[in-house]
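Below is one structure; the comments refer to it alone.
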Amino acid sequence: MIHEIAPHTFNNSFRKCMADSDNPTLFFFRGNIFLPPDIKEGRFPRLADYPDSLFHGQEKRNSAEYLFSVDGEPFFLLKGGKEACSLSKKLEELYGWEDHNPGFFKTFSPEHLAFAGITARHISLWRENRVFCGRCGAENVPSETERAAVCPDCGLTVYPEIMPAIIVAVTDGDRLLMVRNERASYKHFALVAGYTEIGETFEQTVTREVMEETGLKIKNIRYFGNQPWGFSNSQMVGFFAELDGKPDIILQESELTEAGWFRREDIPLPPYTSSIGNKMVRLFKENAVPV
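If you read the sequence shown in my numbering, its first letter stands for residue 1304, the second for the next number, and so on.
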């Protein structure tokens, strides 16, 4: 899975520090990362790679916010703030930089840098969406003591959004329930998944999502594991469950285009190995689900 980067180490402890010219520094706009066309594979831009003319004579290092470290190397975010749109256009039109959607990180190598990139995106999107205070409209400032956005007028403090979501492998003997939505960005067969609503436990979310999307009842819900999933700003929590009753599917057509039961030998493997859902599918197909 994308967050399993051992023997590399990820440290997201909050720090206040300045970037050096050779530190990895990432810039995102509306969730897309911007990279120069001549960037070498397996490398992110350094602060020095950003043209000095973008900063209007200001100290370039002041435009970089510390994110985290990987193997002790600090990573930074190029702060766009209110000028993020203008900055993205200048990088594209004046310097030939290219934007890449989040799926870019599913095939990026090495994998420990892919995890760094998608985690940086998570923080960047939160910063971009919290330029202004949601209560009084004043411009937020970064906290001096923690990873938070603080309103200097009313004092409202907001933290990075992490949306809890479940993903569940529903089994019936040697068959696995899989669903697909061709209207979504991910068009392959996958497991039932959905966001946890206010007032729900994870197990209640599992039961509700399976019923809503397929009309099936389930039992013996068992926790499998979880992972940070910066592609959707989520914490994905995985479960296995068993069919309870009839296997007839009632498709929720507003959410799905197809759903069905697949025997182990017929299960279509997902194209990536980065997600907890993909790992659960592979474990069931190989008859290796932990008891």
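We put the CB at the ideal spot given by N, CA and C, even for glycine.
Cα atoms of K1385 and P1377: separation of roughly 25 Å, rounded to the nearest angstrom. For S1389, the enclosing alpha helix (DSSP H) covers residues A1387 to E1396. Going by C-alpha positions, A1309 is about 42 Å away from I1553.
Counting along the chain, L1380 sits inside the beta strand (DSSP E) bounded by residues E1376 to L1381. With contacts defined by Cβ atoms closer than 9 Å, M1514 and A1468 do not form a contacting pair. Close CB contacts of K1588 within its chain, under the 6 Å cut and outside five residues either way in sequence, are with R1567 and I1570 (chain order).
With respect to the 9 Å criterion, A1496 and G1563 are not classified as neighbours on the basis of their beta carbons. Note that the C-beta distance between G1541 and I1470 is below 9 Å. In the assembly as shown, C1439 is an exposed residue. Its beta-carbon has fewer than 16 other beta-carbons within 10 Å. Between the alpha carbons of I1305 and L1380 lies a distance of about 20 Å.
Closest option to A1367, judged by alpha-carbon separation, among D1402, F1331 and K1392: F1331.
Scanning its chain for C-beta atoms nearer than 8 Å, with the 5 sequence neighbours on each side dropped, one finds around R1433 the residues N1443, A1452 and V1461, in chain order.
Excluding five sequence positions before and after L1390, the CB atoms of its chain that fall closer than 6 Å to its own CB belong to G1383, given in chain order. Distance from the CA atom of A1591 to the CA atom of S1537, rounded to whole angstroms, is 26 Å. K1319 and G1375 have their C-alpha atoms roughly 15 Å apart. If you draw a straight line from the Cα of P1593 to the Cα of G1458, it is about 48 Å long. A Cβ-Cβ distance of about 5 Å is found for the pair F1317 and E1449, placing them in contact under the 8 Å criterion.
Under DSSP, the beta-bridge partners assigned to T1474 are L1479 and E1545. Nearest Cα to C1388 within the set G1502, L1428 and R1486: L1428.
In this chain, G1406 is not harboured by any beta strand (DSSP E), its DSSP state being neither H nor E.
G1580: not part of any beta strand (DSSP E); member of the alpha helix (DSSP H) spanning I1579 to K1588, first to last residue. Remark: C-beta atoms of E1401 and P1340 approach each other more closely than 9 Å. Between Y1526 and L1357, the alpha-carbon positions lie close to 49 Å from each other. For F1337, same chain residues with a beta-carbon under 6 Å away, outside a window of 5 residues either side, are F1330, L1394, W1400 and D1402 in chain order. For I1501, no alpha helix (DSSP H) run applies, since DSSP gives it neither H nor E. Close CB contacts of F1411 within its chain, under the 7 Å cut and outside five residues either way in sequence, are with A1417 and G1420 (chain order).
Straight through space, the alpha carbons of Q1530 and A1351 are spaced by roughly 33 Å. In this structure F1534 is in contact with P1405, their Cβ atoms being roughly 5 Å apart against a cut-off of 8 Å. For R1483 against A1472, the beta-carbon gap comes to about 15 Å, at or over 8 Å, which does not count as contact.
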